[in-house]
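Counting along the sequence shown from 1, when you hit position 244 you're at 922 in my numbering, and nothing is skipped either side.
Cβ coordinates follow ideal geometry from the N, Cα and C atoms, glycine included.
Small disclaimer: the values here were computed from a predicted structure and weren't measured.
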Amino acid sequence: MYIHHSDVQVVFMFTERFIRYIQFEKRYSPHTVSAYQSDLDQFTGFLNNPQKLSPPPPPVITHPSQITHYHIRNWMVELMNQHIIARSINRKIATLRKYFKFLLQEGVIEINPASKINTPKIPKNLPVIVEDVKLTQMLDDNEVFGTDFKGLRDKLVIEMLFGTGMRLSELMGVKDSDINEYEGTIKVLGKRNKERIIPVNNELKLLIAEYQELKKKQDFFGNNSLTLIVTDKGANAYAKLIYLIVQKYLSYISTQNKRSPHVLRHTFATSLLNRGADLNAIKELLGHANLSATQIYTHNSVERLKSIYKQAHPKA
């Protein structure tokens, strides 16, 4: 299939309208908006490859209504051939569903081509965690991070993710004004723009205060930066920076391949559950919409109990 340059602009006009909708009306996080934009760009790029499309589409796509469920299914097959994991494929299809639903509401199309799509099943893998004892020992070792601004910032990133269980996007969105030092809490803006309040322990509270004081000495408060976590030059922190910080320090205590900010979120939840925390309380702390999302952590706890039983029981 060949798409003329002018026709690409027609398709992109609706894409850009959709991006403005989720950005300004739905007020999705910048990270989510970027993911939606990337998914739509990938799908548009796929439509420009005629050899990958079956049955043959119209010679020129001039309107989104010409896109059918066959195109979407073919894209899914192509993603699978590229060994993209099921979770990522499902997210991309969810993007198309929301995009075409928006076009349906706007009267641009009459049928949602993504409504007939069945997404691949996601294997239920246990959440990847690190040993909280080793993590705590590392955080208590003052020589690991150093006392300069960068070292204190890096330590705060690890402490915030492990001490609150917040998501990467949530950490990047935390402002200095979201810290309530008197109450010992942090206000977080989660998915679907839902706010929640997370308590912080005294050690983390002191670390935040120490970091903010050093941040003032660096004159980063006057650098038009409102977020708590900033770069070495005082600009708002970005996702890759947080990833690199987490990967660096988790490599000191873990040899596993997965060393992402979400591993610390999983470790936070599993540690609470192993120490007797109520599942509903963990759900609220994590900002899950329903309990089923939180229950996955019970599997880690069951595996831990099995391990203890095998080690300790004479009949195991």
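* Go ahead and pull the three-state DSSP assignment for E873. => strand
* Asked: Shortest alpha-carbon distance to M838 belongs to which of H940, T825, D956, F702?
  -> H940
* To do: Alpha carbon to alpha carbon, how far is L830 from L882? Give it in angstroms, no decimals.
  => 12 Å
* Asked: So, are the CB atoms of I739 and P791 less than 8 Å apart?
  -> no
* Return the first residue and the last residue of the beta strand (DSSP E) that T863 is part of. => 863–867
* To do: Report yes if the C-beta distance between M816 and Y927 is below 8 Å; otherwise report no.
  => yes
* To do: Whole angstroms is fine: what's the gap from A967's alpha carbon to K961's?
  => 8 Å
* Asked: To the nearest angstrom, how far is it from the Cα of K853 to the Cα of K776?
  -> 30 Å
* Does DSSP put N914 in a helix, in a strand, or in coil? -> strand
* To do: Report the option in Q744, I771, T746, I745 whose CA atom is closest to the CA atom of L757.
  => I771
* Asked: What separation, rounded to the nearest whole angstrom, lies between the Cα atoms of E821 and K833?
  -> 11 Å
* If you draw a straight line from the C-alpha of S847 to the C-alpha of H709, how long is it? -> 6 Å
* Asked: How close, in whole Å, do the beta carbons of V808 and S932 come, if the pair is a contact with beta carbons under 8 Å?
  -> 5 Å
* Distance, K869 Cα to F692 Cα -> 24 Å
* **For V908, the three-state DSSP class (helix, strand or coil)** => strand
* Asked: Residue range of the alpha helix (DSSP H) that R769 falls in?
  -> 764–783
* Nearest-angstrom Cα distance between S855 and P877? -> 15 Å
* Of the residues E861, F827, F778, which one's Cα is nearest the Cα of N880? -> E861
* If K828 sits next to D719, beta carbons under 8 Å apart, how far is it from one beta carbon to the other, in whole angstroms? -> The pair is not a contact, with the Cβ atoms about 34 Å apart (cut-off 8 Å).
* With C-beta atoms as the reference, is G843 less than 8 Å away from L963? -> yes
* To do: Report buried or exposed for R705, applying the criterion of at least 16 other Cβ atoms within 10 angstroms of its Cβ.
  => exposed
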